[in-house]
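Undergrad: Below is a structure I'd like to ask you about.
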Amino acid sequence: MGHLDHAAFGWLTPALSYVMACIGAALGLRCTMRALATTGRSRRNWLVTAASAIGTGIWTMHFVAMLGFRVSGTDIRYDVPLTVMSLVVAMVVVCAGVFAVGYSKDRNRALLLGGLTTGLGVASMHYLGMAAVRLHGQVRYDPVLVGLSVLIAVVAATAALWAGLNIKSPLAVSLASLVMGAAVSSMHYTGMFAVSVRVTPSGEVLPGATAMQFIFPLAVGLGSYLFLTSAFVALSPTADEREASASAQRPVRSPDPRPERGGHAPTP
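Mapped onto the working numbering, the consecutive letters of the sequence shown carry residue numbers -10 to 257.
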């Protein structure tokens, strides 16, 4: 059995991955709040932004954490198409869950359905990303820990959608994002602790790309997207601010100088 190291760089990758999960959660919550305060195309655009932020945050969290994953006795490579597919899965399923909550009239039913769908999608993203791992050996999973990781993903996704519906203040959003980041990180490492590897020494060159060749540049790009989108959301006016601005720009109507019917015109 190969020895697994989940933090080859110490606390750097776990801490950084947690930060990315929190940023994605906070941005997704803020965008969901903006969406629920609008209608029409604006709501759709905010929901898409929320889904992309949450999905990107979860995916980036997973693969930043994977930068610290090592197995003694073998190199590790990543299948590029499967890795990209895991990102697409994360985006699509989170989008489905967010739209279910954003447009459904029965919020409770949408919350349960959206939380289940999104949680299963997040778990699928994780294990699809693990399926992209290439090494000299056989990867096995503890089914109990796998089931626990899926349960954590569903609970975390449901809590995220509930927070998007019910939390309003910036302080509450910050606290909720910290909790959600911890839940997503817990799901990831629970799934990783379910992994065991039986190494088969070999001199063959593994297919795929190394983490530094592919995962790191992509994670940096997606992380930059999260930071830039956060700045855009922070600077974008809220619905109340737009209404206040529109009210301030409306011309003030002057009183009608004409006399009322039956009255007399004012004398100079």
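Ideal Cβ positions, reconstructed from N, Cα and C, are used throughout, including at glycine.
Note that the coordinates shown come from a computational prediction; the quantities given were computed from them, not determined experimentally.
What three-state label does DSSP hand A121 in the structure shown?
TA: It is coil, neither helix nor strand.
Undergrad: Starting from the Cα of A208, find the closest Cα among G44, A42, L18 and F52 and give me that residue.
TA: Of the candidates G44, A42, L18 and F52, the one whose C-alpha sits nearest the C-alpha of A208 is F52.
Undergrad: So for I65, helix, strand or coil by DSSP?
TA: Strand at I65.
Undergrad: Between R66 and the ligand SAM, is the CB less than 6 angstroms from at least one heavy atom?
TA: The ligand SAM is absent from the structure shown, which contains no ligands of any kind.
Undergrad: Quick one: complete beta strand (DSSP E) runs, 3+ long, within the stretch 77 to 156?
TA: The qualifying runs are 122 to 124 and 126 to 130.
Undergrad: When the distance is taken between beta carbons, is V111 closer than 7 angstroms to I156?
TA: Taking 7 angstroms as the Cβ cut-off, I156 and V111 do not qualify as a contacting pair.
Undergrad: At a cut of 8 angstroms, does the stretch 79 to 86 reach the stretch 123 to 130 through at least three beta carbon pairs?
TA: Too few Cβ pairs lie closer than 8 angstroms, so no.
Undergrad: Quick one: what does DSSP say A198 is sitting in, helix, strand or coil?
TA: Looking at A198 - three-state DSSP - the assignment turns out to be strand.
Undergrad: What are the residues that DSSP puts in a beta bridge with R59?
TA: DSSP lists D(-6) as partners of R59.
Undergrad: Is the stretch 14 to 23 touching the stretch 157 to 175 in the sense that three or more CB pairs, one from each, lie closer than 8 angstroms?
TA: Touching, per the Cβ criterion.
Undergrad: Report buried or exposed for E230, applying the criterion of at least 16 other Cβ atoms within 10 angstroms of its Cβ.
TA: Residue placement at E230 is flagged as unreliable, the pLDDT there being 49, under the threshold of 50; a coordinate-derived value is accordingly withheld.
Undergrad: Between L215 and chain D, is any beta-carbon pair separated by less than 7 angstroms?
TA: No chain D is present in this structure, which holds just one protein chain.
Undergrad: How big is the Cα-Cα spacing for L215 and Y7?
TA: For L215 and Y7, the distance between alpha carbons rounds to 14 angstroms.
Undergrad: Excluding the 5 residues flanking S175 on each side, which residues of the same chain have their C-beta closer than 6 angstroms to its C-beta?
TA: For S175, where only same-chain residues beyond five positions count, the Cβ hits under 6 angstroms are I141.
Undergrad: Could you check where the alpha helix (DSSP H) with S163 kicks off and where it finishes?
TA: Run containing S163: P159 to F182, per the alpha helix (DSSP H) assignment.
Undergrad: Select from R129, N34, Y92 and M9 the residue whose C-alpha is nearest the C-alpha of V184.
TA: Checking every option, the nearest Cα to that of V184 belongs to R129.
Undergrad: Just to confirm my understanding: we take R23, look at its own chain, exclude 5 residues before and 5 after, and list those with CB closer than 6 angstroms. What are they?
TA: Cβ within range, chain order: W35.
Undergrad: In this structure, does DSSP put S6 in helix, strand or coil?
TA: Reduced to three states, the DSSP call for S6 is helix.
Undergrad: Less than 7 angstroms between the C-beta atoms of M78 and G(-9), yes or no?
TA: Note on residue identity: the sequence assigns Val, not Met, to residue 78. No, the pair does not count as a contact, with Cβ atoms beyond the cut-off.
Undergrad: Return helix, strand or coil for S185, following the three-state DSSP convention.
TA: If DSSP states are grouped into helix, strand and coil, S185 belongs with the strands.
Undergrad: What three-state label does DSSP hand G17 in the structure shown?
TA: In this structure, G17 counts as helix in the three-state DSSP scheme.
Undergrad: Taking only three categories from DSSP, how would you classify T27?
TA: Coil.
Undergrad: Using the three-state DSSP reduction, which class does W0 fall into: helix, strand or coil?
TA: Of the three classes helix, strand and coil, the one that applies to W0 here is coil, per DSSP.
Undergrad: Buried or exposed for L76, please, with buried defined as at least 16 other CB atoms from any protein chain shown within 10 angstroms of its CB.
TA: Under this definition L76 is a buried residue.
Undergrad: How about V188 and T63: do their beta carbons lie closer than 7 angstroms?
TA: Yes, these two residues count as a Cβ contact at 7 angstroms.
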